[in-house]
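In what follows, a structure is listed as structure tokens, so that the remarks can point back to it.
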Amino acid sequence: MFLKNAWYVIAWGEEIGRQLLARTVCNESIILYRTAGGKVAALENSCCHRQLPLAMGKLVGDDVQCGYHGLTFDPNGKCVRVPGQNAIPPEAGVRRYPVAEKYRFVWVWLGAPERADESLIPHIDRLANPSWVGSTGHKFHIDCNYELLNDNLMDLGHETFVHATSIGSEEVVAANIKTSRDDRAVYVERWMPDHDPAPFWKAALKHAAQYDGNVDRWQQIEFIPPCNYLLHVGVAPVGTGAPQGDKSRGIEACVISINTPETDLTCWQFWAFMRNFQTDQRDVDQKLGKAVHDLLSEDVAVLNEQQKNLLARKNIRKVDIGHDAGGIQARRLIQRKLEQESAQA
Amino acid sequence: MFLKNAWYVIAWGEEIGRQLLARTVCNESIILYRTAGGKVAALENSCCHRQLPLAMGKLVGDDVQCGYHGLTFDPNGKCVRVPGQNAIPPEAGVRRYPVAEKYRFVWVWLGAPERADESLIPHIDRLANPSWVGSTGHKFHIDCNYELLNDNLMDLGHETFVHATSIGSEEVVAANIKTSRDDRAVYVERWMPDHDPAPFWKAALKHAAQYDGNVDRWQQIEFIPPCNYLLHVGVAPVGTGAPQGDKSRGIEACVISINTPETDLTCWQFWAFMRNFQTDQRDVDQKLGKAVHDLLSEDVAVLNEQQKNLLARKNIRKVDIGHDAGGIQARRLIQRKLEQESAQA
Amino acid sequence: MFLKNAWYVIAWGEEIGRQLLARTVCNESIILYRTAGGKVAALENSCCHRQLPLAMGKLVGDDVQCGYHGLTFDPNGKCVRVPGQNAIPPEAGVRRYPVAEKYRFVWVWLGAPERADESLIPHIDRLANPSWVGSTGHKFHIDCNYELLNDNLMDLGHETFVHATSIGSEEVVAANIKTSRDDRAVYVERWMPDHDPAPFWKAALKHAAQYDGNVDRWQQIEFIPPCNYLLHVGVAPVGTGAPQGDKSRGIEACVISINTPETDLTCWQFWAFMRNFQTDQRDVDQKLGKAVHDLLSEDVAVLNEQQKNLLARKNIRKVDIGHDAGGIQARRLIQRKLEQESAQA
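Chains A, B and C, in that order, give the protein sequences.
Following this note's numbering, the numbering of the first sequence begins with 20 at its first residue and continues without gaps.
Following this note's numbering, the numbering of the second sequence begins with 20 at its first residue and continues without gaps.
Following this note's numbering, the numbering of the third sequence begins with 20 at its first residue and continues without gaps.
Below, the structure is given as structure tokens:
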């Protein structure tokens with residue numbers, strides 16, 4: 020069960036051009052391409068005639084020609100040619116998906132097209148604000164239900180154990196979290212005052228600010244259902260006022276992670292790592308992008324095994340702990356929205 | 020659901036010798052071998068004792084000895100030895116299948132043995148007539164239900180799109196088809212008058228008849244359920260009377276395709292390409308055999324993806340077009356024969 | 020359906036050390052390790068929190084720390100740490116399995132812990148008796164239900180066909196068997212008098228006793244449910260009294276095979292080959308171990324194919340023969356014990 024009336028990131032804009040790209044979101048296989056004018060089109064990846072995936076066909080102008088018997092569909096999914104006959108059966112056509120391009124992402128709307136309102140796309144300041152730079156265009160394919168990835172990101176206590184050599188330290192798991200929720204989002208906040216920072220942050224602060232001492236560190240999560248995740252993080256030299264609201268002496272970053280369901284048991288993680296320090300040094304983009312790639316790979320390995328284990332077992336005993344508060348709130352908010360959707364239908 | 024009272028090609032005769040060959044037809048795994056006298060035997064590929072595939076055993080004279088405990092079966096499936104005891108349990112034995120060797124094919128009968136009448140094997144003149152030569156012994160394994168392969172071959176409009184670099188041209192899909200059916204077969208005919216021929220035919224006509232101009236082209240299909248397909252094709256220099264019935268100035272060929280079901284979701288295509296031109300040049304066998312192999316490979320790729328897509332989707336919208344007439348008739352004739360079989364049982 | 024109140028070999032003792040080893044027995048995935056004191060611990064391989072396999076975690080002292088959020092379990096499965104909080108939820112913990120180390124094997128008990136009585140572990144003299152030496156530590160993973168492996172070993176008539184180049188000869192399958200059963204075990208005995216021995220025994224006798232003539236050969240099976248199998252075998256120069264009870268002039272060996280179920284469709288074969296001859300020549304361990312490995316590999320190939328065939332077929336005809344008596348008794352004894360267990364529950 021996935022939310023239908025929601026925007027899902029299906030690709031980075033740069034992945035889509037004048038070829039046909041097939042990608043599955045919430046069990047629906049979709050082809051993507053750009054028209055000559057540069058607009059993204061998104062169509063059902065299956066010919067209405069004999070069900071060849073349209074991805075095996077080709078673009079003819081702005082239309083998609085099926086690779087089997089040549090039925091041709093315009094960017095709205097309308098059948099515009101049936102080779103060998105003049106009449107086009109009225110029921111011929113493929114589904115088109117409303118699509119929007121924003122923050123370098125391509126978003127598709129799986130619900131009723133008339134409800135596709137671009138203002139519902141979550142605001143991602145860090146990908147729009149020119150004073151932030153970073154590394155974008157990343158994605159992982161993970162063999163787990165997308166809610167396991169949501170859970171993973173909502174409880175950052177795992178950093179201490181999964182990412183012990185980069186961003187994890189005992190302070191992360193030891194810190195108290197503050198969780199809240201409104202109709203739109205779930206928020207989790209954690210402060211780790213006055214400690215010797217984990218290797219990733221120690222190196223970043225040294226390079227960015229020539230500082231090598233203890234820090235105050237923070238993590239501020241904003242989760243917007245069904246799968247949009249913004250993690251505002253940073254460190255500041257201890258005693259420079261960050262916990263009191265002045266982060267100006269520290270360095271800040273933002274992990275954007277869009278956890279798009281692919282199938283019931285697989286998902287995509289489209290992610291970026293943005294920062295507000297060393298903004299004129301673009302080699303830092305690549306270095307930190309690589310570091311974040313490596314540490315997120317550690318999560319991928321965990322999630323693949325977790326999902327396998329969940330599938331293999333019956334009668335699972337599932338014990339919650341304090342740090343699960345954010346993940347539990349995220350699941351509840353998704354559940355409530357699913358119920359609303361079901362009630363409307 | 021497969022027709023049982025029918026002959027199915029299980030192998031080319033040349034594939035079978037004094038070793039055990041296992042092959043599956045309509046979900047039944049069968050071993051094939053030749054007796055010392057050269058006759059083909061076809062037995063259930065499973066020992067009645069502990070179900071080891073008999074293909075793991077060996078031939079002892081004309082009998083098959085199981086590779087596990089040595090039970091031995093004669094070419095009729097009768098158990099003739101149970102090692103360690105003199106008495107042979109009356110229920111011991113494996114199923115034998117009626118088998119016939121005709122047109123270089125080995126045919127098996129899956130229905131009631133007493134109904135296995137060799138005169139029911141479809142007549143294939145082009146494999147019997149000495150004035151026709153060509154390339155035989157070919158096969159493809161395809162990951163689709165055999166009826167998708169039937170459909171593929173019944174609507175040759177696909178040539179324009181799947182085989183655009185060899186036999187496809189706009190004239191193929193643009194031509195009207197004439198479809199008819201009797202109790203025995205479905206027929207589809209298509210004429211493509213006066214056009215610059217597709218590359219395959221252009222080259223063939225140039226080599227065979229030193230002719231390089233426009234042609235009349237024809238396709239005449241004969242489909243005999245459940246999966247026997249003969250395609251009579253050819254081209255003649257325009258204005259030499261082919262459409263009026265005189266093909267003598269043209270070149271003719273025949274694609275024989277036997278689309279044997281293997282399982283519900285896989286099939287074999289046993290095929291040959293025969294011709295009545297350049298009959299004394301056997302290097303042409305290989306050249307044209309290779310060309311037809313390459314273009315049929317294009318269909319294999321389409322069929323594999325079509326079947327995957329059909330399995331992945333629920334609520335499929337399936338729109339028929341005019342060129343589907345032959346395929347629809349073929350499916351109806353198979354369906355009628357299945358109903359007859361079911362009524363008889 | 021597996022017997023729960025039984026000891027199953029899960030590993031050779033030498034496989035287990037200060038790392039976490041995951042292994043599945045009767046569909047239950049278990050991690051194994053040694054405490055600093057050398058005792059083997061066996062725990063459910065799944066964290067009670069978010070179901071990451073504990074095998075992805077690490078040992079911290081004698082405890083297992085989950086690789087995801089750091090929950091930590093002692094060798095009894097008790098949760099001793101939940102990072103980020105002081106309170107440990109009372110329901111936190113993982114299942115621990117009673118474990119025993121005997122005859123170099125590690126045995127686990129899957130039933131009620133209070134019923135885990137080490138005296139129920141079958142006595143294996145040949146692994147305890149210092150006058151016997153040999154090759155231990157072997158295992159095969161086989162893609163079949165463990166009862167097919169039991170069947171295989173209970174009817175040694177298969178040697179003639181599966182192991183024709185090593186221990187098989189016509190005398191094996193031709194010999195009469197004597198089968199008996201009590202509440203604890205099934206016994207099968209076979210004598211093969213006065214014959215030219217199969218290659219394995221011919222070579223062994225030549226090296227061990229410089230004898231190259233005809234032999235009396237025996238096989239004495241003891242099978243203890245659910246999967247413990249001891250095969251006492253040997254040959255003696257003909258006329259030296261072995262059939263009358265004096266094996267002193269012959270050479271004797273013992274195949275120990277513990278056929279542990281892994282899943283419904285896979286099993287482990289933990290095996291050893293012990294002997295009472297050339298006991299001071301340890302290079303013979305390796306030579307004979309290799310020979311037995313090679314011939315048991317032939318059974319693995321048979322069992323994999325047998326299981327595949329059983330899964331592929333419906334309406335299987337299964338004919339029993341005389342040599343099946345031992346295997347049938349073994350299945351009956353397992354069935355009776357399953358019924359007893361079910362009646363007790």
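The beta carbon of each residue, even a glycine, is placed where N, CA and C say it ideally should be.
Cβ pair residue i, residue j closer than 8 Å
i: B/GLY130; j: B/ASN24; result: yes
i: B/ARG145; j: B/ILE275; result: yes
i: A/PRO280; j: A/VAL118; result: no
i: A/GLN217; j: A/SER185; result: Sequence inspection shows Ala at residue 217 of chain A; the Gln mentioned does not correspond to that position. Yes, the pair counts as a contact, with Cβ atoms nearer than the cut-off.
i: A/GLN288; j: A/LYS158; result: yes
i: A/ARG134; j: A/LEU175; result: no
i: C/ARG37; j: C/LEU78; result: yes
i: B/HIS251; j: B/GLN239; result: yes
i: A/GLN348; j: A/ARG200; result: yes
i: C/TRP220; j: C/VAL257; result: no
i: B/ASP170; j: B/LEU284; result: no
i: C/HIS160; j: C/LEU314; result: no
i: B/ILE353; j: B/LEU22; result: yes
i: B/ASN334; j: A/SER65; result: no
Residue nearest to residue i in terms of C-alpha spacing, selected from the options
i: C/THR198; options: C/VAL207, C/GLU190, C/VAL191, C/VAL192; result: C/VAL207
i: A/LYS97; options: A/GLY76, A/ASN105, A/ASP283, A/ARG114; result: A/ARG114
i: C/GLU212; options: C/GLU47, C/ALA204, C/ILE196, C/ASP235; result: With the sequence shown as reference, residue 212 of chain C is identified as Pro, and Glu is not the correct amino acid for it. It is C/ASP235.
i: C/VAL205; options: C/ASP343, C/GLN297, C/VAL254; result: C/ASP343
i: A/PHE180; options: C/LEU90, C/ASN105, C/GLN229; result: C/LEU90
i: C/GLY76; options: A/LEU224, A/ARG100, A/HIS177; result: A/HIS177
i: B/LYS121; options: B/ILE140, B/PHE21, B/VAL101; result: B/ILE140
i: B/ILE168; options: B/THR298, B/ASP318, B/LEU39, B/VAL254; result: For the record, residue 168 of chain B in the displayed sequence is Leu; it is not Ile. Minimum Cα distance to B/LEU168 is reached at B/ASP318.
i: C/GLU166; options: C/MET20, C/ARG332, C/ILE340; result: C/MET20
i: A/ALA111; options: A/ASP81, A/GLU358, A/GLN70, A/THR285; result: A/GLN70
i: C/PRO94; options: C/ALA147, C/ASN171, C/GLY346, C/ALA55; result: C/ALA55
i: A/ALA41; options: A/LEU62, A/GLN359, A/ASP265; result: A/LEU62
i: C/CYS286; options: C/ASN164, C/ASP215, C/HIS312, C/ASN334; result: C/ASN164
i: B/ARG100; options: C/GLY346, C/GLY345, C/ILE340; result: C/ILE340
i: A/GLY86; options: A/ASN195, A/LEU39, A/LYS266; result: A/LEU39
N- and C-terminal bounds of the beta strand (DSSP E) containing residue i
i: A/MET211; result: 205 to 214
i: C/ARG200; result: 196 to 200
i: C/VAL366; result: What the structure shows of chain C is the stretch from 20 to 364, and residue 366 of chain C is not part of that stretch, so it cannot be assessed.
i: B/LEU78; result: 77 to 79
i: A/VAL99; result: 98 to 100
Span of the alpha helix (DSSP H) around residue i
i: A/ASP170; result: 165 to 173
i: A/ALA309; result: Correcting the residue type first, residue 309 of chain A is Lys in the shown sequence and not Ala. 301 to 331 is the extent of the alpha helix (DSSP H) around A/LYS309.
i: C/VAL338; result: No alpha helix (DSSP H) contains C/VAL338, which DSSP labels as neither H nor E.
i: B/PHE219; result: 218 to 228
i: C/GLN354; result: 344 to 363
i: C/GLU190; result: 189 to 193
Residue i Cβ short of 7 Å to the ligand MG heavy atom set
i: C/ILE335; result: Looking at this structure, you won't find the ligand MG or any other ligand, since it has none at all.
Contained beta strand (DSSP E) runs [length at least 3] in the region 237 to 284 of chain A, N- to C-terminal order:
Counting only runs of 3 or more, we get 247 to 256, 270 to 277, 280 to 282.
Please confirm if the region 296 to 310 of chain B is in contact with the region 140 to 154 of chain B, defined as three or more CB-CB distances below 8 Å between the two stretches.
Taking 8 Å as the limit for Cβ pairs, the verdict is that the region 140 to 154 of chain B does touch the region 296 to 310 of chain B.
Length-filtered (4 minimum) alpha helix (DSSP H) runs lying within the region 112 to 178 of chain B:
Correct list: 165 to 173.
Just to confirm the assignment: which complete beta strand (DSSP E) runs, minimum length 3, are found wholly within the region 24 to 67 of chain A?
Fully contained in the region 24 to 67 of chain A are the following beta strand (DSSP E) runs of length 3 or more, in chain order: 26 to 31, 40 to 44, 47 to 53, 59 to 63.
So, does the region 188 to 205 of chain C touch the region 289 to 296 of chain C, judging by three or more C-beta pairs under 8 Å?
Judged by pairs of C-beta atoms under 8 Å, the region 188 to 205 of chain C does not touch the region 289 to 296 of chain C, as fewer than three such pairs exist.
Three CB pairs or more closer than 8 Å across the region 240 to 248 of chain A and the region 259 to 271 of chain A:
No, because fewer than three Cβ pairs between the region 240 to 248 of chain A and the region 259 to 271 of chain A fall closer than 8 Å, the two stretches do not touch.
Touch test, the region 122 to 129 of chain C against the region 45 to 54 of chain C, Cβ-Cβ under 8 Å, three pairs minimum
Remark: three or more beta-carbon pairs, one from each stretch, lie closer than 8 Å, so the region 122 to 129 of chain C and the region 45 to 54 of chain C are flagged as touching.
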